[in-house]
Each structure stands twice: as C-alpha cells, then as structure tokens.
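Residue numbers (the working numbering): 5 to 134.
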C-alpha cells in the first residue's frame with residue numbers, strides 16, 4: 005500500500021468517526037448542524053508553522069500532508085466543500101488554553117496528557133509513537 009492510499013484510507017476513517025461524533029449536534033427531527041464560528045464555513049486551526057509530513061509546504065489549504073488531508077476528509081463528511089473550509093493558525097498555548105476560540109476544531113500533533121484533558125476536549129488519537 006502506498007503512503008497516499010494509506011493517508012486516504014485513514015482520512016476516510018477519521019472523517020467517518022468525526023461525523024458520528026458530531027451527529028449529536030442535530031436532533032432526529034431536524035437537519036440542524038453544529039454551530040460554527042462562521043455560518044456555512046468550517047474553521048480549522050493548525051500550527052504556525054505547520055510541519056511536514058502533517059502539512060506539506062506549510063500550506064494546509066492545498067490538502068497535501070496527513071493532517072491537511074484528514075481535515076478536508078472530515079469537512080467533507082460534515083457536508084462542507086473544500087471552498088467552505090477556512091484555515092487559521094494558532095500557537096500551542098493559545099490552542100490549549102480555556103476560553104473562546106477562533107476555530108471550530110484544531111488539528112495538530114499534541115500529546116494527550118491528563119493535565120491537558122482537564123482543559124481541552126481531545127478526539128481519539130490518530131497517530132501514536134507507542
């Protein structure tokens with residue numbers, strides 16, 4: 005299996021899981037979606053800079069690199085076209101501090117620790133070095 009097909013398969017799996025997790029935003033009798041920072045757009049945060057192989061060329065909007073591809077796959081599963089994905093940049097401290105954010109979700113390489121879980125909601129990890 006090539007790296008590209010592995011990334012594509014993982015992106016589809018993660019996108020499917022994300023859509024299941026976010027399905028609770030709407031009720032069974034409505035088509036309402038989760039509220040987003042900007043109506044009709046999905047705002048995704050990544051690091052500054054975003055490193056390879058996670059984001060190729062520090063340009064997440066290209067969809068190249070593991071996390072950039074996953075982000076667009078999740079967006080697609082949630083019903084957003086690539087044109088309706090907005091990218092913002094965050095530093096580590098800003099992303100994990102409590103309080104209002106300028107993004108709907110953050111996709112970066114953070115280690116999940118008990119201390120961080122007390123402040124931030126994490127998804128299931130999609131990459132582990134163990």
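From the three backbone atoms N, C-alpha and C, an ideal C-beta is built for every residue, glycine too.
### Query
Helix, strand or coil: which one does DSSP assign to residue 49?
The residue labelled residue 49 in the question sits at position 45 within the chain shown. It is a strand residue.
### residue 41 versus 76, 104, 87, residue with shortest Cα-Cα distance
Mapped onto the chain shown, residue 41 falls at position 37. The candidate whose alpha carbon is nearest that of residue 41 is 104.
### Query
How long is the line joining the alpha carbons of residue 67 and residue 113, rounded to whole angstroms?
Translated into positions along the chain shown, residue 67 becomes position 63. Translated into positions along the chain shown, residue 113 becomes position 109. Cα to Cα, the separation comes out at about 17 Å.
### Query
Nearest CA to the CA of residue 128: which residue from 120, 98, 116?
As a position in the chain shown, residue 128 is number 124, starting the count at 1. That would be 116, whose Cα lies nearest to the Cα of residue 128.
### Task
State yes or no: is the C-beta of residue 77 within less than 8 Å of the C-beta of residue 59?
Your numbering for residue 77 matches position 73 in the chain shown. Your numbering for residue 59 matches position 55 in the chain shown. It is not a contact, given that the beta carbons lie outside the stated cut-off.
#### Entry: Where residue 86 falls: helix, strand or coil (DSSP)
Residue mapping note: residue 86 aligns to position 82 of the chain shown, counting from 1. Helix, per DSSP.
### Nearest-angstrom Cα separation, counted from residue 109 out to residue 26
Taking the chain shown and counting its residues from 1, one reaches residue 26 at position 22. Taking the chain shown and counting its residues from 1, one reaches residue 109 at position 105. Since pLDDT at residue 26 reaches only 45, below the 50 mark, its modelled position is unreliable, and no value is offered.
#### Entry: Environment of residue 96 [buried if 16+ CB atoms lie within 10 Å]
Here residue 96 is taken as the residue at index 92 of the chain shown, counted from 1. Exposed, since its Cβ has fewer than 16 Cβ neighbours within 10 Å.
### Candidates 86, 122, 111: closest to residue 130 by CA position
In the chain shown, residue 130 corresponds to position 126, counting from 1. If we check each option's Cα against that of residue 130, 111 comes out closest.
### Task
Please classify residue 82: is it buried, with 16 or more other beta-carbons within 10 angstroms of its beta-carbon, or exposed?
By 1-based counting over the chain shown, the position of residue 82 is 78. Per the 10 Å Cβ criterion, buried.
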